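Quick notes on the structure that follows.
As structure tokens, then:
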């Protein structure tokens, strides 16, 4: 296998695949990438809460490459990529167990209507009573952590953990923090939206999460040509929201390396 040491090599080898380019994180934070024939694997530690290996290529060429990469990086790394590819990998590799599908959604800054973030400012209501998001100050992060802990405890993006560049939030008319969205784990040419949550009583159904997402996406697209996110396959309402924000859906899947006893680690 041949190691790719600069992002431009990776972008060429993957046809600028946003999933692998994002996973590489610019090849500057401990991530490494390799290719063999048409197969590519990118191993990235602590990426969105997991040690991950993004993969691409024909299964026959990817299987030996993945074996070499997994032996190099260790059993905590989880392969992920297009759902059909992961299904084939798990069918042909006895050391992998499928963990399920999820969505990858992305958009660019060009060719789509601009994201309207409202009037800006400190949040609350904008023109026509529409919710307006703002960037959270350091003094608001404990409140944001409480909202995440209560309503999205499985979130990898968290105000008290590394990985997040900035948080967008919305407050209701009483000043209560009701929705969040994070600009997290940014790569040079692909930014990630994560940690999207809304208060089920005071924020959901009122456009608060959408407003937070618009601001976070706008911030990402001001510095990166692409913005992306990961979403649970079952979450049709979230997928619908992200589609309305201009993001296209792509079905991915993940797998775990089996433990020594033969059982896969929990997802």
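Numbering (the working numbering), first residue to last: 1 to 267.
Beta carbons are placed, not taken as given, at the ideal position from N, Cα and C, and that holds for glycine.
Nothing here was measured: the structure is a model prediction, and the numbers come from that model.
From residue 216 to residue 234, what distance separates their C-alpha atoms? 23 Å
Can the beta-carbon of residue 63 be found less than 8 Å from the beta-carbon of residue 254? no
Any non-hydrogen atom of the ligand ATP within 7 Å of residue 111 CB: The ligand ATP is not part of this structure, which contains no ligands at all.
Nearest to residue 131 by alpha carbon, out of 18, 203, 6? 203
State the beta-bridge partners of residue 152 as determined by DSSP. Bridge partners of residue 152: none, in fact.
So, are the CB atoms of residue 169 and residue 194 less than 8 Å apart? no
Considering only residues of the same chain and omitting the five flanking positions on each side of residue 4, which have a CB-CB separation below 7 Å? 10, 13, 33, 34, 35
Using DSSP with H/G/I as helix, E/B as strand and the rest coil, what is residue 70? helix
Using CA atoms only, rank isn't needed, just tell me which of 102, 238, 214, 50 is closest to residue 227. 214
Residue 24: first and last residue of the uninterrupted alpha helix (DSSP H) it sits in: 18–24
8 Å contact criterion, which residue 43 and residue 73 should meet: CB distance rounded: 5 Å
Have a look at residue 86 and residue 53 and give me their C-alpha separation to the nearest angstrom. 12 Å
Once DSSP output is grouped into helix, strand and coil, what is the label at residue 121? Note that residue 121 has pLDDT 46, beneath the 50 cutoff, so the model's placement of it is unreliable and no number is given.
Contacting residues, own chain, Cβ-Cβ under 6 Å from residue 156 (five flanking each side not counted): 48, 49
Own chain, CB closer than 8 Å to residue 58, minus 5 neighbours either side, in chain order: 37, 38, 39
Between the C-alpha atoms of residue 8 and residue 92, what's the straight-line distance to the nearest angstrom? 31 Å
Beta-ladder partner(s) of residue 108, from DSSP: 226
Boundaries of the beta strand (DSSP E) in which residue 3 is found, first to last residue: 2–4
What is the rounded straight-line gap between the Cα of residue 207 and the Cα of residue 94? 46 Å
Which residue comes first and which comes last in the beta strand (DSSP E) that contains residue 47? 39–47
What's the call for residue 80, buried or exposed, on a 16-neighbour Cβ count within 10 Å? buried
Backbone secondary structure at residue 96 - three-state DSSP: strand
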